[in-house]
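In our numbering, the protein residues as written are 167 to 411.
Okay, structure coming up:
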C-alpha cells in the first residue's frame, strides 16, 4: 500500500516549477475512464493572488471539450524518480490554443515510502537499551520501516550482551534527527518496538553495524517521522536533480 503525502502551500510552486524544468508531461484522467496525454507545462503565471500553469493542448481541445467533466479536471504525472502525483482543480480555461489551469489547493504524492531508503542526515542517531545499558547507533541510512547504522562507544561486554538479541524485540527506542538550525535541538521520534535484524562487525572497517526494523510507532510519532522523512527526501531528490543538471 502506498503512503500518501499532501503537498500544499509554498511547496506547490516549487513542485510545479520543478515539473516545468524537468519537462515532465501531464496526463488528464477522464470521467469515463479514458485519459488524455498532454504536453509539458510551458509557463507558470501569477495574477494577483492566483497562480496558474499553462499547457499547450491544441490537438486535444476537441477531445477534452467532448469527453471531460468540465466542472473539474483530474491530473496525474510521475516524476523522474517514478513517484506518482495526483491533483484536481475546478478552475481552468482555454486561451490561444493553451489550457490555463489554476493551481490546486494540494497535490497528493503516492509512493511505497516504507521501502524507500535514503542517506540519513549527518548526526542522526538511534538510542536503545539492553540490560540497562544504553546503546548509541549512528544512523547511515533510513526508511520509514527501519535503519542501518554503526554502534559507537561499544564495549566488548556490550557487544556480547547484544548478540542474543537478534530477532528479539526492543522497546522504547529514540530516533533523533538533527535540526537544520544548529542552535536548536533536534527532533525526536519514539519507537515503541523495534527488532534487530542483523548485527555484525564489518571486516573492512571493523565497525559494528546493526540493522533495525521498526515494528510499532504511535500515530503521533508516525506522522512526525513521516513529515521529517519527506522533508529530508525532498532535499535529497533536489540535490540529485541539481547534480544531474
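All C-beta atoms in this analysis are idealised placements derived from N, C-alpha and C, irrespective of residue type, glycine included.
Source: prediction; values computed, not measured.
> When burial is assigned at 16 or more other CB atoms within 10 Å of the CB, is residue 339 buried or exposed?
Replying inline: What you label residue 339 is simply residue 173 of the chain shown in a count that begins at 1. So residue 339 counts as buried.
>> Please report the straight-line C-alpha distance between residue 288 and residue 184, rounded to a whole angstrom.
In response: As a first step, residue 288 must be located in the chain shown, where it is residue number 122. As a first step, residue 184 must be located in the chain shown, where it is residue number 18. One C-alpha to the other measures close to 26 angstroms.
>> Less than 9 angstroms between the beta carbons of residue 216 and residue 282, yes or no?
In response: Here residue 216 refers to the residue found at position 50 of the chain shown. Here residue 282 refers to the residue found at position 116 of the chain shown. Contact: no.
>> Using the Cβ count rule (16 or more neighbours within 10 Å means buried), how would you classify residue 260?
In response: For the purposes of this step, residue 260 is taken as the residue at position 94 of the chain shown. Under this definition residue 260 is an exposed residue.
> Of all the beta strand (DSSP E) runs that stay within the bounds of the stretch 283–311, which reach a length of 3 or more residues?
Replying inline: 291–296, 299–309
> Contact between the stretch 307–316 and the stretch 374–382: three or more CB pairs below 8 angstroms?
Replying inline: yes
>> Let me check understanding here. Comparing Cα to Cα, which of 267, 344, 176, 189 lies closest to residue 412?
In response: Nothing about residue 412 can be read from this structure; the chain reaches only from 167 to 411.
> Under 9 angstroms between the Cβ atoms of residue 336 and residue 290?
Replying inline: Indexing the chain shown from 1 puts residue 336 at position 170. Indexing the chain shown from 1 puts residue 290 at position 124. The answer is no: Cβ separation not under 9 angstroms.
> How many angstroms separate the CA atom of residue 359 from the CA atom of residue 273?
Replying inline: Reading the chain shown from its first residue, position 193 is the one you call residue 359. Reading the chain shown from its first residue, position 107 is the one you call residue 273. The alpha-carbon atoms of residue 359 and residue 273 are separated by roughly 32 angstroms.
> Quick one: Cα of residue 307 to Cα of residue 286, how far?
Replying inline: Translated into the one-based positions of the chain shown, residue 307 becomes position 141. Translated into the one-based positions of the chain shown, residue 286 becomes position 120. Between residue 307 and residue 286, the C-alpha separation is close to 5 angstroms.
> What are the boundary residues of the alpha helix (DSSP H) that residue 327 is part of?
Replying inline: The sequence position of residue 327 within the chain shown is 161, counting from 1. Taken as a continuous stretch (DSSP letters only), the alpha helix (DSSP H) holding residue 327 covers 322–328.
> What are the residues that DSSP puts in a beta bridge with residue 332?
Replying inline: By one-based count along the chain shown, residue 332 stands at place 166. Residue 332 is bridged to 362.
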